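Down below is the structure, laid out as structure tokens.
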Amino acid sequence: MRPLDPHQDAADKWEVQLRKGCLELAILAALWEGKLYGLEILRRLEADSDLIISEGTVYPLLSRLKTLGLVRGEWVESDAGHPRKYYSLTAAGKQRGREMAGMWARFSSSMAKLLAPLVRGK
Amino acid sequence: MTIPKDANQKIEAYLAKLRAQFRSFNDQQVAEIVAELRSHILDKLEIAGDATPSQVDAILAALGTPEELAGQYITDNVLARAEVSRSPLRILASLFRWASLSVAGFFVLLGSVLGYFFGAVFILVAILKPFHPQTAGLWLLHDATGDSEFSFRMGFGTVPAGRDLLGWWIVPLGLLAGCALVTVTTRLALWCARQYRKSGVLPRS
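Chains as they are written, first to last, in the numbering used here: chain Z, 1 to 122; chain P, 1001 to 1205.
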């Protein structure tokens, strides 16, 4: 067990929230090219990002996006013998994805400028 | 892939526990959630290649406990529903689900019921004042023992023994205070749900 360090703990919490905050946009982005089922979305996020906090986080989030009308779900029979729930973006989901991506681009470029001295380690 | 009996029992026990957490969701929603998670578990077993009980344990641990997982579904749902519609009835219905699951949810529900109740009382009294000008309002009542208490009167029945504190001011003030209480209660309930969601109850994988 690592020793208790309140600063480290606060930094960890911040990181968890940062990831969670990005997860919604990341899921919309993963679905941009076409429909995927839950595990494929998880795989995509694991391969292309380090956003996954827990596998259990993604399924409730997909259900939330469905309630918001940003994605739709459909059951498809598979060769594996059990059906899988495939998600795809609705028109509202595409719209939201574009808006969020635009905000993200503006936000990250201004943060990158601001953080440049910290990253250089001065 | 065939799943051995002991591994399958573990999976079904987990899903049964999860199902039990969703007492207040409608059957269709619960069936979909459970079917989706079963499909996830079976897919992961397929990838792992061996369906031993310890493999199942690892997959279930990565999902979180049934309580934690259901908690995420419910709070995510409370917030999503509230974003779609801010109707107090909708919010109360969602909070009711959350309360059936956790102590935190119970207290948020309790606070929200109180907030909405007093908000509704303020608004009702303000609306009824023009119909019952002599009796409706916020009264300071005196009883036989000399104790006094504040009382909201809808104005049905006789003139109470005491003093009408606000008179006609109850109409604008009541409407204002009532609407403010309803708004604050809604915001507070959503804030609590958001905090709960942010608190990171699920383990890192």
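Each residue gets a CB set at the ideal place from its N, CA and C atoms; glycine is no exception.
Note that the structure is a prediction, hence the values are computed from the model and not measured.
Neighbourhood of residue i by C-beta distance below 8 Å, restricted to the same chain and skipping five residues each side
{"i": "Pro83/Z", "result": "Trp75, Val76, Glu77"}
{"i": "Gly34/Z", "result": "Ser88"}
{"i": "Ala47/Z", "result": "none"}
{"i": "Tyr86/Z", "result": "Lys35, Leu36, Tyr37, Gly73, Glu74, Trp75, Val76"}
{"i": "Gly1157/P", "result": "Thr1135"}
{"i": "Ile41/Z", "result": "Ile27, Ala30, Leu31, Val58, Leu62, Tyr87"}
{"i": "Tyr1116/P", "result": "Pro1088, Leu1092, Leu1181, Val1182, Thr1185"}
Where residue i falls: helix, strand or coil (DSSP)
{"i": "His82/Z", "result": "coil"}
{"i": "Glu77/Z", "result": "coil"}
{"i": "Glu1149/P", "result": "strand"}
{"i": "Asp48/Z", "result": "helix"}
{"i": "Arg106/Z", "result": "helix"}
{"i": "Arg1187/P", "result": "helix"}
{"i": "Ser1100/P", "result": "coil"}
{"i": "Val1159/P", "result": "coil"}
{"i": "Arg72/Z", "result": "strand"}
Exposure of residue i, with buried meaning 16 or more beta-carbon neighbours within 10 Å
{"i": "Ala30/Z", "result": "buried"}
{"i": "Trp32/Z", "result": "exposed"}
{"i": "Arg1163/P", "result": "exposed"}
{"i": "Phe107/Z", "result": "exposed"}
{"i": "Phe1150/P", "result": "exposed"}
{"i": "Leu1114/P", "result": "exposed"}
{"i": "Arg1204/P", "result": "Residue placement at Arg1204/P is poorly supported in this model, since its pLDDT is 40, which falls under 50; the coordinates still yield a value, given next. Exposed: under 16 other Cβ atoms inside 10 Å."}
{"i": "Lys1129/P", "result": "buried"}
{"i": "Pro1063/P", "result": "Just to set this straight, residue 1063/P is Leu in the shown sequence, not Pro. Buried, because 16 or more other Cβ atoms sit within 10 Å of the Cβ of Leu1063/P."}
{"i": "Trp1098/P", "result": "buried"}
{"i": "Glu55/Z", "result": "buried"}
{"i": "Glu1036/P", "result": "buried"}
{"i": "Asn1026/P", "result": "exposed"}
{"i": "Ala1013/P", "result": "exposed"}
{"i": "Leu1095/P", "result": "buried"}
{"i": "Ala1177/P", "result": "buried"}
{"i": "Pro6/Z", "result": "exposed"}
{"i": "Phe1122/P", "result": "buried"}
{"i": "Val1103/P", "result": "exposed"}
{"i": "Trp104/Z", "result": "exposed"}
{"i": "Gln1021/P", "result": "buried"}
{"i": "Arg64/Z", "result": "buried"}
{"i": "Arg1081/P", "result": "buried"}
{"i": "Leu114/Z", "result": "exposed"}
Span of the alpha helix (DSSP H) around residue i
{"i": "Val1125/P", "result": "1103–1128"}
{"i": "Gly21/Z", "result": "6–30"}
{"i": "Lys1017/P", "result": "1005–1021"}
{"i": "Glu33/Z", "result": "That residue, Glu33/Z, is in no alpha helix (DSSP H); it is neither H nor E in DSSP."}
{"i": "Ser1085/P", "result": "Element bounds for Ser1085/P: n/a, residue is neither H nor E."}
{"i": "Gly56/Z", "result": "55–67"}
{"i": "Asp1027/P", "result": "1027–1048"}
{"i": "Pro1133/P", "result": "Looking at the DSSP string, Pro1133/P is not in any alpha helix (DSSP H), and its letter there is neither H nor E."}
{"i": "Leu1058/P", "result": "Reading the sequence as shown, one finds Ala at residue 1058/P and not Leu. 1053–1063 is the extent of the alpha helix (DSSP H) around Ala1058/P."}
Residues near residue i in its chain [Cβ-Cβ closer than 6 Å; skip 5 each side]
{"i": "Ile1041/P", "result": "Ile1011, Ile1059"}
{"i": "Ile1003/P", "result": "Ala1051"}
{"i": "Lys1044/P", "result": "Ile1059"}
{"i": "Ala101/Z", "result": "none"}
Cβ shell of residue i (< 7 Å), same chain only, five flanking positions each side left out
{"i": "Ala1161/P", "result": "Leu1141, His1142"}
{"i": "Thr1186/P", "result": "Arg1086, Pro1088, Ile1091"}
{"i": "Leu1202/P", "result": "Residue placement at Leu1202/P is flagged as unreliable, the pLDDT there being 42, under the threshold of 50; a coordinate-derived value is accordingly withheld."}
{"i": "Leu39/Z", "result": "none"}
{"i": "Phe1152/P", "result": "Val1121, Val1125, Leu1138"}
{"i": "Leu140/Z", "result": "No answer is possible for residue 140/Z: the residues shown for chain Z start at 1 and end at 122."}
{"i": "Ile1170/P", "result": "Val1125, Ala1126, Lys1129, Gly1137, Leu1138"}
{"i": "Ile1074/P", "result": "Arg1097, Trp1098, Leu1101"}
Any non-hydrogen atom of the ligand SAH within 7 Å of residue i CB
{"i": "Asp1057/P", "result": "Within the structure as shown, the ligand SAH is missing, as the structure has no ligands at all."}
Opening and closing residue of the beta strand (DSSP E) in which residue i lies
{"i": "His1142/P", "result": "1137–1142"}
{"i": "Arg1163/P", "result": "1162–1164"}
is_contact[residue i, chain C] using C-beta, thresh 8 Å
{"i": "Tyr1196/P", "result": "This model lacks chain C altogether, as its protein chains are Z and P."}
### Cβ-based contacts, 8 Å cut-off: residues of the segment 1059–1074 of chain P near chain Z
Here the close residues are Ala1062, Leu1063, Gly1064, Glu1068, Leu1069, Gln1072, Tyr1073.
### Task
May I ask you to list, following chain order, the residues of the segment 47–75 of chain Z that have a beta carbon less than 7 Å from some beta carbon of chain P?
Ile52, Ile53, Ser54, Glu55, Gly56, Thr57, Tyr59, Pro60, Leu61, Ser63, Arg64, Thr67, Leu68
### Residues of the segment 80–92 of chain Z with Cβ closer than 7 Å to any Cβ of chain P, in chain order
Ala80, His82, Pro83, Arg84, Lys85
### Message
Tell me which residues of the segment 1025–1057 of chain P have at least one Cβ-Cβ distance to chain Z shorter than 9 Å, keeping chain order.
### Response
The residues in question are Gln1029, Glu1032, Ile1033, Ala1035, Glu1036, Leu1037, Arg1038, Ser1039, His1040, Leu1042, Asp1043, Lys1044, Glu1046, Ile1047.
### Task
Check each residue of the segment 1075–1108 of chain P: if its Cβ is closer than 9 Å to any Cβ of chain Z, include it; give the result in chain order.
Residues of the segment 1075–1108 of chain P with a C-beta atom less than 9 Å from some C-beta of chain Z are Thr1075, Asp1076, Asn1077, Leu1079, Ala1080, Arg1081, Glu1083, Val1084, listed in chain order.
### Message
Closer than 8 Å between beta carbons: that is the criterion. Which residues of the segment 20–40 of chain Z meet it against chain P?
### Response
Lys20, Tyr37, Gly38, Leu39
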